[in-house]
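S.K.: Questions regarding the structure given below will be posed in turn.
Residue numbers (my numbering): 47 to 545.
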């Protein structure tokens, strides 16, 4: 991005007339096509700003606080050329495209790069896709909302794609192919972070259902920062230093260093910090929609029950701050052997949040890795989310936009019948007899169910359950289950009880 200064030889601190833009307005950017995309920045109060793009001009005036905003003209998909922002100084942003812009956020499985996904070398070899662009928001957590942000747009190529978010890239590539339009992917994610870091703190604290959550979080922080915890850490650190020195002398890899519980506590108690540091600088950049892949950090049994309030709150709060109800979808947590964690309750929270309009969910219960919290098959994660977007948002013909979702149940004698939506192509049992279902009577004792498919329903029974009251499917951290639709998309884990 070229920047021409009209005020020279003055210290930077005195360049109050210098026109400033958020980092996301930079070379190789993708603007949302077909709408009057937002643009904003800062300048001397009262300064006139002229915006020029695709031969059209818009104007804005900086307010008393120096901020200004405007809407660009609607642009058709494809190359735009340059975007010029001129005031006392001029920014010329090069190689601009108009296309579909999607924001991806969450923790490590959203942050995971293409280079860490499966078949990287093969993916790299076919990544000459210059109309796919990736912006990684590199700013840090902050106690207050930030404005500028940090990052740069990167053009997709074999030598750059390895740094792209894998989940985002494998979502964006099918969109690019199906729509024949440029795609911009904004990646704002941080590994190991809880959802409460990504929602404005005051917004969260105003929700009555979350008050017990903050009590739990405060107690956890107190435990992690107690004198006993610090003393134990210091002993572990001293022992580690001896082992590390011995390993270095023997020219062997150093053992894993113990984590300072104070640092862990600060990270986990970061209420709203990542919203301030990594989302606020992006608002109100015009996007087509958002994707979310997070939840592992909230899966402790004392935290998981609150996710059903936190996820819809994040969706609604972000939409309100952007000023429109953009489409929003998420990757449901896959199968994983997670000792002492409650992934079924987390998956249920994802399912419940589909009650919000214009939302979708990629069901991943069959593509996790039992021994790795970071499964490498991000190709399928992205493809399933892309099916939802192409079918539900863009009106394209797709085999299905979702795996089967429960749509009610009835009891008939000794059988319980579960009906499913999204049974496109017919319900099927993949690779053998249908499995993964358990049923119970009012005693709440669960028994494996014999299951058969009839149309868009599954009929369940057990010789040990004469009067079934409830059914659960894939209700384990790492379940064995195989119900799909004709498109091969798996059914979501679910339960009909609230026991």
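No residue lacks a Cβ here, since even glycine has one placed at the ideal position from N, Cα and C.
Computed from a predicted model, the values in this text were never measured in an experiment.
In whole angstroms, what is the alpha-carbon distance linking residue 61 and residue 87?
M.R.: Any reading at residue 61 is ruled out, since the residue's pLDDT is 41, under 50, leaving its predicted position unreliable.
S.K.: Please determine if the segment 320–327 and the segment 121–133 are in contact, where contact requires at least 3 C-beta pairs separated by less than 8 Å.
M.R.: Taking 8 Å as the limit for Cβ pairs, the verdict is that the segment 121–133 does not touch the segment 320–327.
S.K.: Taking buried to mean at least 16 other C-beta atoms within 10 Å of its own C-beta, is residue 447 buried or exposed?
M.R.: Answer is buried; the Cβ neighbour count reaches 16.
S.K.: Suppose you measure from the CA of residue 172 to the CA of residue 204; what does that come to, to the nearest Å?
M.R.: The straight-line gap from Cα to Cα measures roughly 7 Å.
S.K.: Rank 451, 496, 429 by C-alpha distance to the C-alpha of residue 218 and give the top, closest one.
M.R.: Looking at the Cα atoms, 429 is the closest of the given residues.
S.K.: Using alpha carbons as the reference points, say which of 115, 268, 108, 148 lies closest to residue 439.
M.R.: Answer by Cα proximity: 148.
S.K.: With hydrogens ignored, establish whether the beta-carbon of residue 398 is closer than 6 Å to any heavy atom of the ligand SAM.
M.R.: The model depicted lacks the ligand SAM and carries no ligand whatsoever.
S.K.: In angstroms with no decimal places, state the Cα-to-Cα distance between residue 468 and residue 531.
M.R.: Distance between the alpha carbons of residue 468 and residue 531 is about 7 Å.
S.K.: What are the boundary residues of the alpha helix (DSSP H) that residue 411 is part of?
M.R.: Careful: residue 411 lies outside any alpha helix (DSSP H) and carries neither H nor E.
S.K.: Kindly indicate the opening and closing residues of the alpha helix (DSSP H) around residue 519.
M.R.: Residue 519 -> not in any alpha helix (DSSP H); beta strand (DSSP E) instead, spanning 516–519.
S.K.: Are residue 414 and residue 381 close, meaning C-beta to C-beta below 7 Å?
M.R.: Yes, they are a contact pair.
S.K.: Between residue 330 and residue 486, is the Cβ-Cβ spacing less than 7 Å?
M.R.: No, Cβ-Cβ distance for residue 330 and residue 486 is not below 7 Å.
S.K.: Could you compute how far the alpha carbon of residue 505 sits from the alpha carbon of residue 352?
M.R.: Near 32 Å, if we compare the C-alpha coordinates of residue 352 and residue 505.
S.K.: Run the CB neighbour count on residue 103, radius 10 Å, all protein chains shown included, and call it buried at 16 or more, exposed below.
M.R.: Label assigned to residue 103: exposed.
S.K.: Whose C-alpha, out of 155, 125, 158, is nearest the C-alpha of residue 142?
M.R.: Taking only the C-alpha atoms, the option nearest residue 142 is 125.
S.K.: Which same chain residues, not among the five before or five after residue 386, have their C-beta less than 8 Å away from its C-beta?
M.R.: Once the five neighbours on either side are set aside, the close Cβ partners of residue 386 are 346, 347.
S.K.: With 16 as the cutoff for other CB atoms within 10 Å, does residue 540 come out buried or exposed?
M.R.: Buried, since its Cβ has 16 or more Cβ neighbours within 10 Å.
S.K.: What separation, rounded to the nearest whole angstrom, lies between the Cα atoms of residue 389 and residue 119?
M.R.: For residue 389 and residue 119, the distance between alpha carbons rounds to 45 Å.
S.K.: May I ask you to verify whether the segment 106–121 touches the segment 291–308, counting CB pairs closer than 8 Å and requiring at least 3?
M.R.: Too few Cβ pairs lie closer than 8 Å, so no.
S.K.: Closest by CA to residue 375, which one among 65, 474, 419, 432?
M.R.: Per the Cα distances, 432.
S.K.: Taking C-beta to C-beta, are residue 451 and residue 538 nearer than 7 Å?
M.R.: Result yes, Cβ atoms of residue 451 and residue 538 sit closer than 7 Å.
S.K.: Out of 477, 316, 435, 401, point me to the one whose CA is closest to residue 220's CA.
M.R.: The residue with the shortest Cα to Cα distance from residue 220 is 435.
S.K.: In its own chain, which residues sit with a C-beta less than 7 Å from the C-beta of residue 534, not counting the 5 before and 5 after it?
M.R.: Excluding positions up to five away in sequence, the list is empty.
S.K.: Would residue 378 pass as a contact of residue 410 if the rule is Cβ separation under 7 Å?
M.R.: Yes, the pair counts as a contact, with Cβ atoms nearer than the cut-off.
S.K.: What number of angstroms, rounded off, separates the C-alpha of residue 369 from the C-alpha of residue 512?
M.R.: When rounded, the distance between both Cα atoms is 53 Å.
S.K.: Please return the same chain residues whose Cβ sits closer than 6 Å to the Cβ of residue 215, not counting the five positions on each side in sequence.
M.R.: Cβ within range, chain order: 160.
S.K.: Kindly list the residues whose CB is nearer than 8 Å to the CB of residue 372, restricted to its own chain and excluding five residues on each side of it in sequence; keep chain order.
M.R.: Same-chain partners within the cutoff: 333, 334, 335, 336, 365, 404.
S.K.: With contact counted as at least three CB pairs below 8 Å, one residue from each stretch, are the segment 220–233 and the segment 175–185 in contact?
M.R.: The segment 220–233 is in contact with the segment 175–185.
S.K.: Output the boundary residues of the beta strand (DSSP E) element that contains residue 113.
M.R.: From DSSP, the beta strand (DSSP E) with residue 113 extends over 113–117.
S.K.: Buried or exposed: where does residue 418 fall if 16 or more other Cβ atoms within 10 Å of its Cβ makes it buried?
M.R.: Residue 418 should be labelled exposed.
S.K.: Based on Cα-Cα distance, which residue from 207, 449, 542 lies nearest to residue 162?
M.R.: The option with the nearest alpha carbon to residue 162 is 207.
S.K.: Alpha carbon to alpha carbon, how far is residue 281 from residue 294? Give it in angstroms, no decimals.
M.R.: Between residue 294 and residue 281, the C-alpha separation is close to 20 Å.
S.K.: Give the range of the alpha helix (DSSP H) segment to which residue 287 is assigned.
M.R.: Unbroken alpha helix (DSSP H) run through residue 287: 273–295.
S.K.: Could you tell me whether the segment 251–258 touches the segment 195–203, using the rule of 3 or more Cβ pairs below 8 Å?
M.R.: Contact fails: fewer than three Cβ-Cβ distances are below 8 Å.
S.K.: Would you list the residues sitting across from residue 484 in a DSSP beta bridge?
M.R.: In DSSP, residue 484 forms a bridge with 494, 518.
S.K.: Pick helix, strand or coil for residue 95, following the three-state DSSP scheme.
M.R.: Note: residue 95 maps to strand in three-state DSSP.
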